[in-house]
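The numbering used here puts the last residue of the sequence shown at 460; the count rises by one with no breaks. Since the structure comes first, as structure tokens, the remarks are kept for the end.
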Amino acid sequence: MSSEIKHNGFASKLGAILAAAGSAVGLGNIWRFPTETGANGGAAFILIYILFMLLLGLPVMISEFVIGRYSQKNVSESFYSMSGGKKAWKYMGLIPMGAAFLVLSYYAVVAGWTLYYAVLAGMNDFAGKDAVQYAADFAAFSSDPVQPWIWMALILAMTCGIVAMGVQKGIERGAKVMMPILFIFIVVLVICSLNLPNASLGLSFLLKPDFSKVTGSTVLSAMGQAFFSLSVGLCCLCTYACYFRKDVDLIKDGTSVASIDTLVALCSGLIIFPAVYSIPGLQPDAGPSLVFITLPNVFQQVFGNLPVLAYSFSLMFYLLLVMAALTSSISMLEMGAAYFEQNFGISRVKCAIGVTCVCLLLGTCCSLSFGVWSDVTVAGMGFFDLFDYLVAKFIMPVGSLLITIFVGWVVDKNIVKNEITNGGTLRQPLYPAYMVLVRYFAPICIILIFLNELGLFSWL
Ligand code: PHE
Numbered sequence: 001m002s003s004e005i006k007h008n009g010f011a012s013k014l015g016a017i018l019a020a021a022g023s024a025v026g027l028g029n030i031w032r033f034p035t036e037t038g039a040n041g042g043a044a045f046i047l048i049y050i051l052f053m054l055l056l057g058l059p060v061m062i063s064e065f066v067i068g069r070y071s072q073k074n075v076s077e078s079f080y081s082m083s084g085g086k087k088a089w090k091y092m093g094l095i096p097m098g099a100a101f102l103v104l105s106y107y108a109v110v111a112g113w114t115l116y117y118a119v120l121a122g123m124n125d126f127a128g129k130d131a132v133q134y135a136a137d138f139a140a141f142s143s144d145p146v147q148p149w150i151w152m153a154l155i156l157a158m159t160c161g162i163v164a165m166g167v168q169k170g171i172e173r174g175a176k177v178m179m180p181i182l183f184i185f186i187v188v189l190v191i192c193s194l195n196l197p198n199a200s201l202g203l204s205f206l207l208k209p210d211f212s213k214v215t216g217s218t219v220l221s222a223m224g225q226a227f228f229s230l231s232v233g234l235c236c237l238c239t240y241a242c243y244f245r246k247d248v249d250l251i252k253d254g255t256s257v258a259s260i261d262t263l264v265a266l267c268s269g270l271i272i273f274p275a276v277y278s279i280p281g282l283q284p285d286a287g288p289s290l291v292f293i294t295l296p297n298v299f300q301q302v303f304g305n306l307p308v309l310a311y312s313f314s315l316m317f318y319l320l321l322v323m324a325a326l327t328s329s330i331s332m333l334e335m336g337a338a339y340f341e342q343n344f345g346i347s348r349v350k351c352a353i354g355v356t357c358v359c360l361l362l363g364t365c366c367s368l369s370f371g372v373w374s375d376v377t378v379a380g381m382g383f384f385d386l387f388d389y390l391v392a393k394f395i396m397p398v399g400s401l402l403i404t405i406f407v408g409w410v411v412d413k414n415i416v417k418n419e420i421t422n423g424g425t426l427r428q429p430l431y432p433a434y435m436v437l438v439r440y441f442a443p444i445c446i447i448l449i450f451l452n453e454l455g456l457f458s459w460l
């Protein structure tokens, strides 16, 4: 069975950039980033995160592009053929694929919550409640065994539908419609948020670094967040790069994707923290519930006298979350679907449905871990936290390490140079810098951060 990509790729360069940006921009930016920033002390965390985006995440992203566009094959086959037929690399390629199932499974749970909250916002359900009520509502909803499951299943069904429609008609068209709306919503929300009372307190939380809060685990969290936010380390972007046209400039367009992603994360901070500080007593480190408990309260209290604004602000915010989540979950599902489609010659629709069913099963464990299975723990963590920990702090960094070693040391240098310069047609002054980052800086840095996490530098 041929493992070559058989269908058409993205029709345009813009489509390719928007699809990759759609994968990158997601709950990681709007839900996870503020949560992590709040928990890790604000600006200092953000600085480290941006540094990692630039020096670790971006080189890994470009390397994924190189692998995908050159090989035009699924991940495991790409690793196999580009390593000159080494079986070990073929199996290594299966790791990120398995991990993509894990991410989608817990990602879909939160994406389901956002869909539910978008519907609540649309029905004006937040009006006239107080802070205690929002917390109680969220606790009752997230711990219910059935409701969150249904919303998760809906998100997975929507994702499956778009993937089943194909690369151009589903993924590219979805990104071209959703991404511009998302950008417009973000700009409107930032402007509104910055005009709230005490917005400056939120701004200084975001902009004034306090390095005394930085520990080894802050650094690991910042690295995990950078990888998660850019969608690197799981080879989802390798799969998308298979559909890139030959004129896509991998360094330039990869940098655009990373810049869009970072900008959206910072803008989410600009939306959320001024909003949180606008009400005395609310804390920026409320954790994952920040956007589901704290924000509905903020919207209502701040715009209490202007119900139309409270309604529009909430609706826009949760729709923004739903769209961002969808464009990312599509990339996770596409990777698994493309693998089975190419390797086993099964139709795209069947593959998409099959992968969705597996994620639905795994997602059920994550969803239940907020309620009836809350006391089922592995290594002290419920399924949801375990999946998030494993993916962001372990598998994505390890996947990224493998990718940098592969492109930096295993793949023939001429292949890499050829892809980066589009067959010598592009003058690419950043190529040497990219190679240094991929060969030395990124792998060494990832290994050091891991060793530090294992406590090997505690004597220093
Ligand atoms: N980058 C996405 C986000 O920020 C999450 C994601 C992770 C997508 C891994 C694909 C692969 O939400």
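Every residue gets a Cβ at the ideal spot worked out from N, C-alpha and C, and that includes glycine. Quantities reported herein were computed from a predicted structural model and do not represent experimental measurements.
Relative to S23, the option among G174, W151, N452, K129 whose CA is nearest is G174.
In the DSSP annotation of this structure, V407 is not part of any alpha helix (DSSP H), being labelled neither H nor E. Taking the Cβ of S268 as the reference point, every heavy atom of the ligand PHE lies at 6 Å or farther away. In this structure, the alpha-carbon of V411 lies about 14 Å from that of V60.
For the segment 217 to 264, there is no continuous beta strand (DSSP E) assignment of 3+ residues that stays within its boundaries.
With a cut-off of 8 Å on Cβ pairs, the segment 343 to 355 is not in contact with the segment 120 to 135, counting fewer than three such pairs. Rounded to the nearest angstrom, the Cβ distance from F383 to C359 is 13 Å, too far for a contact under 8 Å. Residue E64 holds the alpha-carbon nearest to the alpha-carbon of V416 among F45, E64, T37, G399.
If you check the CB distance, V276 and P284 come in under 7 Å. Among the bridge pairs identified by DSSP, V378 is matched with M381. Counting only the Cα atoms, T404 lies some 40 Å from T294. Sequence-distant partners of A310 (beyond 5 residues in either direction) whose C-beta falls short of 8 Å from its own C-beta, in its chain, are F126, A127, F299, Q300, V302, F303, G304. Burial check for D388: the Cβ neighbour count within 10 Å reaches 16 or more, so the residue is buried. Of all alpha-carbon atoms in F313, M152, E77, the one lying nearest the alpha-carbon of A325 is that of M152. Judged by the Cβ position, C236 qualifies as a neighbour of the ligand PHE at the 6 Å threshold, a heavy atom of the ligand being closer than this. Our two residues, C235 and S312, have alpha carbons roughly 37 Å apart in a direct line. A Cβ-Cβ distance of about 17 Å is found for the pair L315 and A111, leaving them out of contact under the 8 Å criterion.
At a cut-off of 6 Å, the beta-carbon of N74 does not count as near the ligand PHE: no heavy atom of the ligand is closer than that. Nearest neighbour of G424 by Cα position, chosen from L56, I449, D249, S231, turns out to be D249.
Restricting attention to S12, G15, T37, M123, the CA atom closest to the CA of C267 is found in T37. Closer than 6 Å to some heavy atom of the ligand PHE: that does not describe the Cβ of S256. With a beta-carbon spacing of about 17 Å, A226 and Y107 fall beyond the 8 Å limit used to define contacts. If you draw a straight line from the Cα of F185 to the Cα of L321, it is about 10 Å long. Counting only the Cα atoms, G371 lies some 37 Å from L18. Nearest to S193 by C-alpha distance, out of G269, V146, M335, L386, is G269. If you check the CB distance, G9 and Y339 do not come in under 7 Å. With 16 or more other CB atoms across the displayed protein chains lying within 10 angstroms of its CB, N297 is buried. DSSP, read as helix, strand or coil, puts I346 in coil. R173: member of the alpha helix (DSSP H) spanning 173 to 194, first to last residue. Judged by their CB atoms, D261 and V436 are not nearer to each other than the 7 Å cut-off. For I95, the enclosing alpha helix (DSSP H) starts and ends at 94 to 122. Annotation for A24 indicates a beta carbon within 6 Å of some heavy atom of the ligand PHE.
Short note on M332: C-beta closer than 6 Å to some heavy atom of the ligand PHE. M323 and M97 have their C-alpha atoms spaced approximately 24 Å apart.
Out of I162, F344, E453, N29, the CA that lies nearest to the CA of S231 is found in N29. DSSP places I415 within a helical segment (H, G or I) once states are collapsed to three.
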